[in-house]
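K.L.:
Here you go, one structure.
2 protein chains.
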Amino acid sequence: MMTSPDKRSGRRPGSTATREAILLAAREAFTDSGYRGATIRAIAVAAGVDPALVMHFFGNKEALFAEAMRPPFEPAAVLAAAMAADPANAGAVVATFFLDAWDSDSRRSLLGLVRSAVTEESAAAMVRDGLVGGVETALASLGTDRPGMRASLIATQLIGLAIGRYIVRLQPLVDAPRNELVAAVAPALQRYISGDLTKGEGS
Amino acid sequence: MMTSPDKRSGRRPGSTATREAILLAAREAFTDSGYRGATIRAIAVAAGVDPALVMHFFGNKEALFAEAMRPPFEPAAVLAAAMAADPANAGAVVATFFLDAWDSDSRRSLLGLVRSAVTEESAAAMVRDGLVGGVETALASLGTDRPGMRASLIATQLIGLAIGRYIVRLQPLVDAPRNELVAAVAPALQRYISGDLTKGEGS
DNA sequence: GTGGTTATTCAACGCCTGTAGAATTCAACA
DNA sequence: TGTTGAATTCTACAGGCGTTGAATAACCAC
Numbered sequence: 030m031m032t033s034p035d036k037r038s039g040r041r042p043g044s045t046a047t048r049e050a051i052l053l054a055a056r057e058a059f060t061d062s063g064y065r066g067a068t069i070r071a072i073a074v075a076a077g078v079d080p081a082l083v084m085h086f087f088g089n090k091e092a093l094f095a096e097a098m099r100p101p102f103e104p105a106a107v108l109a110a111a112m113a114a115d116p117a118n119a120g121a122v123v124a125t126f127f128l129d130a131w132d133s134d135s136r137r138s139l140l141g142l143v144r145s146a147v148t149e150e151s152a153a154a155m156v157r158d159g160l161v162g163g164v165e166t167a168l169a170s171l172g173t174d175r176p177g178m179r180a181s182l183i184a185t186q187l188i189g190l191a192i193g194r195y196i197v198r199l200q201p202l203v204d205a206p207r208n209e210l211v212a213a214v215a216p217a218l219q220r221y222i223s224g225d226l227t228k229g230e231g232s
Numbered sequence: 030m031m032t033s034p035d036k037r038s039g040r041r042p043g044s045t046a047t048r049e050a051i052l053l054a055a056r057e058a059f060t061d062s063g064y065r066g067a068t069i070r071a072i073a074v075a076a077g078v079d080p081a082l083v084m085h086f087f088g089n090k091e092a093l094f095a096e097a098m099r100p101p102f103e104p105a106a107v108l109a110a111a112m113a114a115d116p117a118n119a120g121a122v123v124a125t126f127f128l129d130a131w132d133s134d135s136r137r138s139l140l141g142l143v144r145s146a147v148t149e150e151s152a153a154a155m156v157r158d159g160l161v162g163g164v165e166t167a168l169a170s171l172g173t174d175r176p177g178m179r180a181s182l183i184a185t186q187l188i189g190l191a192i193g194r195y196i197v198r199l200q201p202l203v204d205a206p207r208n209e210l211v212a213a214v215a216p217a218l219q220r221y222i223s224g225d226l227t228k229g230e231g232s
């Protein structure tokens, strides 16, 4: 407190691109190795920087993880847009969008999040609150019944698909073109979004 | 070679229950923390034993993991039995069986396998070959088309469900009774087992 | 120039890890 | 009883980890 608002001397912060380079390296490390497997030292080397600089910018490993893994889009918004366009086809739209996002490696943070959520409680909380929670409120605002259960089931299928295709690398899932995977998975998603969860078929 | 078959002096091996205690502790540790998170020292403490004894019995951490995480049942056999009994209902049978297996904590090794497969390549290989591969050959011997893709899709939904309910702990999935989850997920599984993967509905 | 502020590095601490080898206890047989 | 071989423990190494505090270098304002 009492930090005078006019102090304008000294080197200005944020002028260099180093911070972004660290975040980039961290995203890659967390995506490839998960929270525990990624090391601050390796991230620093990848960014061409001293490990202590990472601490200087982000404080500690957990904070770095939180900032690096922030998802680059709102899954809830994706679902809302898909429902607004064509409710009967929302499953396919959502599946297409996620596969696109995962295949474009500029947005690999979701994979790192999933990979870390499995072993690290703080990452699991980010998935729960940031991703599934958002979808749940989006469904609720559409007036759907049991939005929490539906959002969870959707996450179930999408996370499973991501793990199979990108992490465990099950060959058929790796080889299949996107549209084929979409066709395979869309009906299940459609059912979770707007179908009757107690009966076999129907919407 | 040339180990004389009559040497019968000295303490006999395998007489104590210590080895089993170590395996039990290892299963619990790997299940709770994954491969990297679990430590030999913690496993030794939990088993009431010196860390070096763990090495003495199992050689190294990876071998211990492989022996501790061997799945206690054959998923392929489960699917085959379900198909033999009632093909149109196999999805529900498989879902029921897996939820039962996961809820009975005497068989938590599958969870540890999933948890570790996400960060450890050797564990991922066990999932690929031991679990998904078995289901694939089971489907193939039933004459189903595209058994590899089907087995992978089944794994996708089951692994996603396990992660959501037992690892990330999405509340709706944790709270829901088993039969409700079975009803929610069975149609998707049924489609992956015997449905048309290119069209929306139908079997 | 000088002084203040930030970026960046250096060197090190304390802790935990998997693992190795020697030493010791213990049960089974001669 | 004495010998044998396995079960078990003790001690220790070498390396990696997250983190810290002090030091230097670059920048900006005066």
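Taken in sequence, the protein lines are chains A and B.
Going from the first sequence to our numbering is simple: count from 1 and add 29.
Going from the second sequence to our numbering is simple: count from 1 and add 29.
All C-beta atoms, glycine included, are put in the ideal place defined by N, C-alpha and C.
1) Comparing the C-beta of residue 226 of chain B with each C-beta of chain A, is any distance below 8 Å?
2) When you compare the CB of residue 13 of chain B with every CB in chain A, is at least one pair closer than 8 Å?
3) Measure the C-alpha to C-alpha separation of residue 91 of chain B and residue 65 of chain B and round it to an integer number of angstroms.
4) Are any of the Cβ atoms in chain A nearer than 8 Å to that of residue 177 of chain B?
5) Closest by CA to residue 200 of chain B, which one among A:188, A:186, A:178?
6) So, do the region 137–148 of chain A and the region 212–231 of chain A have three or more beta carbon pairs nearer to each other than 8 Å?
7) Using a Cβ-Cβ cut-off of less than 7 Å, give me the residues of the region 172–197 of chain A that come near chain B, in sequence order.
8) Note down, one range per segment and in chain order, each alpha helix (DSSP H) of at least 4 residues found wholly within the region 49–91 of chain A.
9) Cα-Cα, which of A:190, A:221, A:220 is closest to residue 209 of chain A?
10) Our contact map puts residue 69 of chain B next to residue 144 of chain B with C-beta atoms below 8 Å; I'd like the distance itself, whole angstroms only.
11) Taking the continuous alpha helix (DSSP H) assigned at residue 115 of chain A, which residues delimit it?
12) Can you give me, in chain order, the residues of the region 74–108 of chain A that have a beta carbon less than 8 Å from any beta carbon in chain B?
13) Measure the C-alpha to C-alpha separation of residue 36 of chain B and residue 82 of chain B and round it to an integer number of angstroms.
14) In the DSSP assignment, find the alpha helix (DSSP H) that holds residue 204 of chain B and state where it starts and stops.
15) Count Cβ pairs between the region 161–171 of chain A and the region 103–122 of chain A that sit closer than 8 Å; are there 3 or more?
16) Measuring only between beta-carbons, confirm whether residue 163 of chain A sits less than 8 Å from chain B.
17) Which term fits residue 151 of chain B, buried or exposed, when burial requires 16 or more other beta carbons within 10 angstroms of its beta carbon?
18) Mind reading off the beta-carbon distance from residue 168 of chain B to residue 176 of chain B? Whole number of angstroms is fine, and I expect it under 8 Å.
19) Distance cutoff 8 Å, beta carbons only. Does residue 48 of chain B sit that close to anything in chain A?
20) Need the endpoints of the alpha helix (DSSP H) that residue 155 of chain A sits in, please.
21) Within its chain, find whatever has a CB closer than 6 Å to the CB of residue 93 of chain A; leave out the 5 residues flanking it on each side and keep chain order.
22) Against chain B, does residue 113 of chain A count as a neighbour if the rule is that its beta carbon must be under 8 Å from one of theirs?
23) Could you check which residue in B:53, B:131, B:154, B:120 has the C-alpha nearest to that of residue 220 of chain B?
24) Rounding to the nearest angstrom, what Cα-Cα distance links residue 74 of chain B and residue 148 of chain B in this structure?
25) Cutting at 7 Å between CB atoms, please list the residues of its own chain near residue 131 of chain A, excluding the five before and the five after it.
26) Start and end of the alpha helix (DSSP H) containing residue 189 of chain B?
27) Output needed for residue 48 of chain A: all residues of its chain with C-beta closer than 7 Å, excluding positions within five of it in sequence on either side, in chain order.
28) Please tell me whether residue 109 of chain B and residue 122 of chain B are closer than 8 Å, where the distance is taken between their beta carbons.
P.N.:
According to the data block:
1) True, the Cβ-Cβ gap to chain A drops below 8 Å.
2) Chain B is shown from 30 up to 232; residue 13 of chain B falls before or after that span and cannot be answered.
3) Going from the Cα of residue 91 of chain B to the Cα of residue 65 of chain B covers about 10 Å.
4) Chain A, which has a Cβ nearer than 8 Å to the Cβ of residue 177 of chain B, makes this yes.
5) Ranking the options by Cα distance to residue 200 of chain B, first place goes to A:178.
6) The answer is no - the region 212–231 of chain A does not touch the region 137–148 of chain A, with fewer than three Cβ pairs under 8 Å.
7) With the criterion set as a beta carbon lying under 7 Å from some beta carbon of chain B, the members of the region 172–197 of chain A are 177, 178, 181, 182, 184, 185, 186, 188, 189, 190, 192, 193, 196, 197, in sequence order.
8) The region 49–91 of chain A contains these whole alpha helix (DSSP H) runs: 69–75, 80–87.
9) Comparing C-alpha distances from residue 209 of chain A to each of A:190, A:221, A:220 shows the shortest one belongs to A:190.
10) Wrong, their Cβ atoms sit about 17 Å apart, outside the cutoff.
11) DSSP places residue 115 of chain A outside any alpha helix (DSSP H), giving it a letter other than H or E.
12) Per Cβ criterion, the list is empty.
13) Unreliable placement is indicated for residue 36 of chain B, whose pLDDT of 42 sits below 50; the coordinate value is still reported in the next sentence. Straight-line Cα distance between these residues: approximately 25 Å.
14) First-last of the alpha helix (DSSP H) with residue 204 of chain B: 200–204.
15) Touching, per the Cβ criterion.
16) False, the Cβ-Cβ gap to chain B never drops below 8 Å.
17) Counting other Cβ atoms within 10 Å of its Cβ, residue 151 of chain B stays below 16 and is therefore classed as exposed.
18) Contact holds; Cβ gap of about 4 Å.
19) Residue contact check for residue 48 of chain B against chain A: no CB pair falls below 8 Å.
20) According to the DSSP assignment, residue 155 of chain A belongs to the alpha helix (DSSP H) that extends over 150–155.
21) Within the same chain, 55, 87 come within 6 Å of residue 93 of chain A by CB-CB distance, once the 5 residues on both sides are set aside.
22) Not one chain B Cβ lies under 8 Å of residue 113 of chain A.
23) Of the candidates B:53, B:131, B:154, B:120, the one whose C-alpha sits nearest the C-alpha of residue 220 of chain B is B:120.
24) Annotation: residue 74 of chain B to residue 148 of chain B spans about 25 Å, alpha carbon to alpha carbon.
25) Correct list, in chain order: 139, 140, 191, 195.
26) First-last of the alpha helix (DSSP H) with residue 189 of chain B: 176–191.
27) Counting only residues of its own chain and dropping the five nearest sequence neighbours on each side, residue 48 of chain A has a CB closer than 7 Å to the CB of 86.
28) Remark: C-beta atoms of residue 109 of chain B and residue 122 of chain B do not approach each other more closely than 8 Å.
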